[in-house]
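Protein chains in written order, with our numbering: chain A, 859 to 1059; chain B, 859 to 1059; chain C, 859 to 1059; chain D, 859 to 1059; chain E, 859 to 1059; chain F, 859 to 1059; chain G, 859 to 1059; chain H, 859 to 1059. Every residue gets a Cβ at the ideal spot worked out from N, C-alpha and C, and that includes glycine.
There are 8 protein chains.
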Amino acid sequence: MPEVVFGKGKTPEQVSAIVKTLLATSQNVLVTRADQEVAERLRGENPESGMEHFPASGAVRFWRDRTERGKGKIAVVCAGTSDLPVAEEAQVTAEVMGNQVDAIHDVGVAGIHRLMQNRQRLTEARVVIVCAGMEGALPSVIGGLVSAPVIAVPTSVGYGASFHGLAALLGMLNSCASNVTVVNIDNGFGAGYAASLMNRL
Amino acid sequence: MPEVVFGKGKTPEQVSAIVKTLLATSQNVLVTRADQEVAERLRGENPESGMEHFPASGAVRFWRDRTERGKGKIAVVCAGTSDLPVAEEAQVTAEVMGNQVDAIHDVGVAGIHRLMQNRQRLTEARVVIVCAGMEGALPSVIGGLVSAPVIAVPTSVGYGASFHGLAALLGMLNSCASNVTVVNIDNGFGAGYAASLMNRL
Amino acid sequence: MPEVVFGKGKTPEQVSAIVKTLLATSQNVLVTRADQEVAERLRGENPESGMEHFPASGAVRFWRDRTERGKGKIAVVCAGTSDLPVAEEAQVTAEVMGNQVDAIHDVGVAGIHRLMQNRQRLTEARVVIVCAGMEGALPSVIGGLVSAPVIAVPTSVGYGASFHGLAALLGMLNSCASNVTVVNIDNGFGAGYAASLMNRL
Amino acid sequence: MPEVVFGKGKTPEQVSAIVKTLLATSQNVLVTRADQEVAERLRGENPESGMEHFPASGAVRFWRDRTERGKGKIAVVCAGTSDLPVAEEAQVTAEVMGNQVDAIHDVGVAGIHRLMQNRQRLTEARVVIVCAGMEGALPSVIGGLVSAPVIAVPTSVGYGASFHGLAALLGMLNSCASNVTVVNIDNGFGAGYAASLMNRL
Amino acid sequence: MPEVVFGKGKTPEQVSAIVKTLLATSQNVLVTRADQEVAERLRGENPESGMEHFPASGAVRFWRDRTERGKGKIAVVCAGTSDLPVAEEAQVTAEVMGNQVDAIHDVGVAGIHRLMQNRQRLTEARVVIVCAGMEGALPSVIGGLVSAPVIAVPTSVGYGASFHGLAALLGMLNSCASNVTVVNIDNGFGAGYAASLMNRL
Amino acid sequence: MPEVVFGKGKTPEQVSAIVKTLLATSQNVLVTRADQEVAERLRGENPESGMEHFPASGAVRFWRDRTERGKGKIAVVCAGTSDLPVAEEAQVTAEVMGNQVDAIHDVGVAGIHRLMQNRQRLTEARVVIVCAGMEGALPSVIGGLVSAPVIAVPTSVGYGASFHGLAALLGMLNSCASNVTVVNIDNGFGAGYAASLMNRL
Amino acid sequence: MPEVVFGKGKTPEQVSAIVKTLLATSQNVLVTRADQEVAERLRGENPESGMEHFPASGAVRFWRDRTERGKGKIAVVCAGTSDLPVAEEAQVTAEVMGNQVDAIHDVGVAGIHRLMQNRQRLTEARVVIVCAGMEGALPSVIGGLVSAPVIAVPTSVGYGASFHGLAALLGMLNSCASNVTVVNIDNGFGAGYAASLMNRL
Amino acid sequence: MPEVVFGKGKTPEQVSAIVKTLLATSQNVLVTRADQEVAERLRGENPESGMEHFPASGAVRFWRDRTERGKGKIAVVCAGTSDLPVAEEAQVTAEVMGNQVDAIHDVGVAGIHRLMQNRQRLTEARVVIVCAGMEGALPSVIGGLVSAPVIAVPTSVGYGASFHGLAALLGMLNSCASNVTVVNIDNGFGAGYAASLMNRL
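As structure tokens, this is what we get:
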């Protein structure tokens, strides 16, 4: 397991100190929701670490032990461009936990054909993560297409009656597809983490 | 236009009196959400009226002027068996307002193939009404398949975090399909009425 | 149909790239919710395009094919000055989709006479869009005055117990006028789009 | 001031005992939300009291001192038949507090002409009580027609997204008419009481 | 009646233009929720107008006709220092509508003695406005002390489970004092306006 | 400590079996929220136990060890008659845990004088429990009168915008009196239990 | 995969007909949320089927093909007696899908020792289902004890501010344990189904 | 008792003036939620006062009378680093009111062993304050480990479905541990204050 630091609400000093300690004992360290300042500081302090920075999601990854631990692929699917940061967080997490990820983007339910064209890739995945905002309908449709476990991640993408992801969250909790379980709004990390555990089974 | 009585919360005496008055001047009268007692009383009092009773939705219909007024078909689609009462209310309303209705049932999003098999019927409709509970995802998928106006009716079908139809309502309001407009939870009548106006355009 | 880009949450680079692609194949392109920077960049990059910018709503419009496609007028009504950006988005959308728009502004329900003075214009419209915040009562009153379909757009105008448009949204969903359907809070685009489909019927 | 007993949640014995005590010292006693059993018991125990029973609202009234205390008329307006019990509670309260009441029923906003026909009566009232469920739009319209204080009473009439009167309550709190104040859902008594105080000014 | 402009969400240009028009025909003009920039512009443009600016509430007042129109005093009470801006808006409104205002500040329910010391002033008022945030309990206590109409104004003062004034709003709507009616959160203007109408009765 | 059984949602058989087991080892056993059938069964099965039944709250008490364990009195205060069942549950709990209880009933905030008359008793209590529904204002007022810890119990008494006790709960959580802590809606037991622990300090 | 019928809201006739059809082609059929009448009818109509009926959850199971399909045990844990019906639904589902279930009951977080005594059994499970109402804290504690995927099922057990399971649902969605995913309130079936898919991996 | 100033929403001038007055008559003064500017101004104006500033919580403390008034220790426990500001406010408050505080940090429920290692310290406390965000489960676990009163402080730490502390608040109100009472979200001050009163008992 990698060590994980939830970066939001911590000062650059705090994150820096925690990461320093963790890098001393762990091969792989993941910082989520780090802002630009934190990322730059970490890069400056760890010049030879091979650190990766993913600005869209704010993830910072020290991925030194790349042993594959998952037994198959994890598909990370998202509905629209705006859901990409959450999908990225899920992918970065799943990878650092030793999984191959198949990223399938921009396959919203209102354009069902694009989704159907990716059906083969979906059915080949051992676990499927689906990130969607607005009405959050995508996990139900995908849940009906695959027999793998589906982890639904509501995103805060939307406006008005999306209520910052509440609409998508409720939609996913009420999914008529029985293979769908749900994590918190925008919790790409949690989805990637849980999917990784499933892929090790 | 037919005369319409919202039956819920009215006593049999009240409904009976109103219907009597309306039948004197209107060819077509629709009572929605009438319970069994009201329906039986109305049948007893109007023996030769050709009155129809639809127990699932509680609709009572006096449909004497059957002039066709719509310019095409209205499709009434529902996701599951439990959504049938709402779909029935929409259909009964659309018919009494002079429309042909194509009823397409049991085409939930978790079984996308059954929906795709009905694609032809959907695209032939001039207006599409979609009734769905739980996550309320069906209007988004259908909205992407047709270019007709889609009226989404959230139903109170579900439990737990469906919050009596709130989840479906929010989902539909946040639909990523731009041709979707929404009516109140379980408001099959309103959907049938608005669709009829559109079909007269 | 025009191509549409939802500008919010996209970088100027992203919007610029998408618009460039779309302009290559489509006569008409609409960007909604673009900020000042995006609008200026688009103008700079498309100097001869006849691009229009609507700062109140953030709409950017490339309207090169002005073929009329609607069969009548669409009325776009709003209750107060603060609702104008949403009304503007609806109008800009309806126009670029080939409709004549009759804009009727500042006719709130607390001054019913001003509304009644516009009754003729309202009844002449084939479809009516009504934008209102605060208590969101205007669609019900207008719905009772016309027999055309009415699309209600709750706006986030208000404070306190308006809860960012929730009060208006709930009011419109519970409208006692049967010809009213509803779209998401501030969704002028969706109203304009759906109205355009209806006006082509 | 009359003595008032809130009957809901009290046993017939409790209400009976309280009323007995109050009738010994007060000319006028009002019991609100009494069920049939309570009403019958009170009638049986007070055979010569001139007790009135209003089954729709559950009010029971002992109105022995009929001195007029209000300086003008209080209009009690309601939008639909289903709002009548709340309007009745308001009227019964206002009367027992010494006011003349002008009851104006069934003047919903979707039929604005019926409301306008009653404009004269509305403007003659010194205080106006408006009871409405569903979208609760009526107080805003009436507030714009009169310069008297308007007390808005949201009713729990409706279904689905009315959320038991919440939609009407929010609508009234956000009224764009400045002369509107609001009481609790279904609180006809409170409206009648407050209006009576105003009418004594 | 003064002319009133709701300043929030309008540009300085818009407010300036509206005020200019109104000042041409009305003696008294009130702008609510104007920011510093708007206030300064108005002062610059109307140097001899006797314009007053109230920075806490953002009110700007042109009070040229000071005829007294109310028949008694209006008490404006507030619970804590943070509620002062809302109380100020109520007072400024009541004054410009021709009322004498008795301002009673800082009398929260947790220090009931300070409130009781002001009892005489409260009972002398013809109408009482009570502004309170947090638990919003003050109107109930004052409602029990006076027989005048009480207008309760929930304020958005508080944090956490105050939910921006919702807790106070709900508390006031459920007041066990029957002479309390309620306006929107932070709506000092509405309270001052309605109280003025009552004080003219 | 007594043994406690939460009776709601358990069958008479289940409660009977649990109570039998507990009575074998504990002197004092308390069953909360038992319905009539459960209470009668327990009485029949434990004829010599001195069992007490409190129908208003549904409490059943086997109080055989009456050792006093509290160091002072616990005051249990309630606002209105309808709050009595919750107050009773608190009192029964505090007593069976070895405390003297001073019950002070019917002292709502709208009649502040009755409350002030009981001030001496309030200040003599070592811990104060306050049960109130509707606006839930009583704990704030009492909190300002005493320096003892105050445990506030919101009750589900009310209607409309009380939302089954939510209004009282929010009011109490936002209390401006710093000595107030809160338990769940209608949780008289929890208040009695926590107060007992405090009274042992 | 077994065939599954959601029994709630279907008439005995409807369930009977569906089950008849399914039994003709499937070895295993599961009906969830069937009431007593439905269960008796099914038993009468399928006398030799080995049908099992689980009254607490309302499950009816035809389990004829008992092939083991899971690769390890699924632990089904619940916090209190009242959560048992939901745990039962999860267990019945997991079993009919070919899994061994280890049922661990009555291990609430307020008695952490009982939970710790079962730690061995928890760590031996390949997937863990945790059912809990009220504060819904159990999945977080168990999530920290095991490295298997944890499926959290909020139950509607509780009262007052549990809001029919909402408190537990929100708690689980915000779990600080990263291996927790969540299903709808009371959705024991969904948890059992998803766990079965994971156990086949 | 110290004098307390709630700093939020007050200008530096206002806080400065109030503090000046209070320091003239009180040994101990506590300002909560003061920003950097306020703290610096107070330090500049009170150079010899021994003023302490706690930037995480914004507390400013003048602690001149250090008499011990509590009869035992108050434990202040928090779940994670992000909860520290709220725990600090509780500690600073409890100390200035004359209590010894035992601060136990970073003992979240997902790492139950760290919590169990601190069990001795917990059981030695006379009152326990527990600050936790996200799912807010910690008070229930600690409530089961100690027999002292537990004051639960939900914090606004979290994202998505934590809804700014609502999830933690609801969890704590529904705690299955009977010795838990709750204060407002982030209300470290209130918890410290109430705990101090209990520790004086």
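* **Cβ pair D/Leu881, D/Phe912 closer than 8 Å** => no
* Using a cut-off of 8 Å between C-beta atoms, extract the partners of H/Ile1043 located in chain E. => Correct list: Tyr1017, Gly1018 and Ala1019.
* Asked: From C/Pro943 to C/Ala961, what distance separates their C-alpha atoms?
  -> Looking at the backbone, the Cα of C/Pro943 and that of C/Ala961 are separated by about 12 Å.
* To do: Grab me the residues of D/Asn957's own chain with a C-beta within less than 6 Å of its C-beta, minus the 5 sequence neighbours each way, in chain order.
  => Gly928, Ile932, Ser1054 and Asn1057
* Asked: Taking Cβ positions, are H/Gly1011 and H/Ile1000 nearer each other than 8 Å?
  -> Here residue 1011 of chain H turns out to be Val, not Gly, going by the sequence shown. Cβ atoms of H/Val1011 and H/Ile1000: not closer than 8 Å.
* Relative to the alpha-carbon of C/Met955, which residue among C/Val887, C/Asn1037 and C/Asn1045 has its alpha-carbon at the smallest distance? -> C/Val887
* Could you confirm whether any beta carbon from chain G is found closer than 8 Å to the beta carbon of F/Leu880? => no
* Please state if the CB of B/Ala995 and the CB of A/Gly1029 are separated by a distance shorter than 8 Å. => yes
* **Check whether B/Gly1016 and A/Asn1032 have beta carbons under 8 Å apart** => yes
* Please determine, among A/Ile1043, A/Ala952 and A/Arg979, the residue with the shortest C-alpha to C-alpha distance to A/Ala990. => A/Ile1043
* **8 Å CB neighbourhood of E/Val965 in its chain, flanking five on each side removed** => Val935, Cys936, Ala937, Arg972, Leu973, Asn976 and Leu996
* **Residue-chain proximity (E/Gly930, chain F), Cβ-Cβ < 8 Å** => no
* Asked: Between D/Val986, D/Gly969, D/Phe1021 and D/Ala914, which lies nearest to D/Met992 when the distance is taken from Cα to Cα?
  -> D/Phe1021
* To do: Kindly indicate which residue of A/Ser1014, A/Ala1035 and A/Cys1034 has the alpha-carbon position closest to the one of A/Ala1026.
  => A/Ser1014
* To do: Could you tell me if the beta carbon of E/Gly1046 falls within a distance shorter than 7 Å of some heavy atom in the ligand NAP?
  => With respect to the ligand NAP, the structure shown offers nothing to examine, as it has no ligands at all.
* Asked: Which partner residues does A/Arg919 have in the DSSP bridge list?
  -> A/Leu888 and A/Glu910
* Does the Cβ-Cβ distance between C/Ser884 and C/Glu861 come in under 8 Å? -> yes
* Asked: Which partner residues does C/Ile962 have in the DSSP bridge list?
  -> According to DSSP, C/Ile962 bridges with C/Val935.
* State the DSSP-derived secondary structure class of E/Ala1010, mapped to helix, strand or coil. => strand
* Asked: Along chain F, which residues have their Cβ under 8 Å away from the Cβ of H/Asn1037?
  -> Tyr1051, Ala1052 and Leu1055
* Cα-Cα separation, D/Arg979 to B/Val918 -> 37 Å
* Could you name the residues of chain C that D/Leu980 contacts, counting a contact when the two beta carbons are closer than 7 Å? => In chain order: nothing, as chain C lies at least about 12 Å away.
* To do: With DSSP collapsed to three states, give me the class of G/Glu926.
  => Coil at G/Glu926, not helix or strand.
* Asked: At what residues does the alpha helix (DSSP H) containing H/Phe1047 begin and finish?
  -> Gly1046 to Arg1058
* To do: Please list the partners that D/Leu1024 has in chain C, where partner means a Cβ-to-Cβ separation under 8 Å.
  => Leu1028
* For H/Thr879, is the classification buried or exposed, using 16 other Cβ atoms within 10 angstroms of its Cβ as the cut-off for buried? -> exposed
* Could you run through the stretch 1003 to 1016 of chain F and flag, in chain order, every residue whose CB is less than 8 Å away from some CB of chain H? => Cβ contacts with chain H come from Ser1005, Ala1006, Pro1007 and Ile1009.
* Asked: So which residues on chain G does A/Leu1059 lean against when the C-beta distance must stay under 7 Å?
  -> Correct list: Arg984, Met1056 and Leu1059.
* Asked: So, is D/Gly865 buried or exposed, given that buried needs 16 or more other C-beta atoms within 10 angstroms?
  -> buried
* With burial defined as no fewer than 16 other Cβ atoms inside 10 Å of the residue's Cβ, what is the status of D/Gly908: buried or exposed? -> exposed
* **Cβ shell of A/Ala897 (< 6 Å), same chain only, five flanking positions each side left out** => His911 and Val918
* Asked: Run through DSSP, which three-state label would E/Glu1060 get?
  -> Outside the shown range of chain E (859 to 1059) lies residue 1060 of chain E, about which nothing can therefore be said.
* What separation, rounded to the nearest whole angstrom, lies between the Cα atoms of B/Leu900 and D/Thr939? -> 20 Å
* In terms of residue numbering, what span does the beta strand (DSSP E) encompassing D/Thr879 cover? -> Premise fails: D/Thr879 lies in the alpha helix (DSSP H), Pro870 to Thr883, not in any beta strand (DSSP E).
* **One or two residues paired with B/Ile987 in a DSSP bridge** => B/Ile987 pairs with B/Val934 and B/Ile1009.
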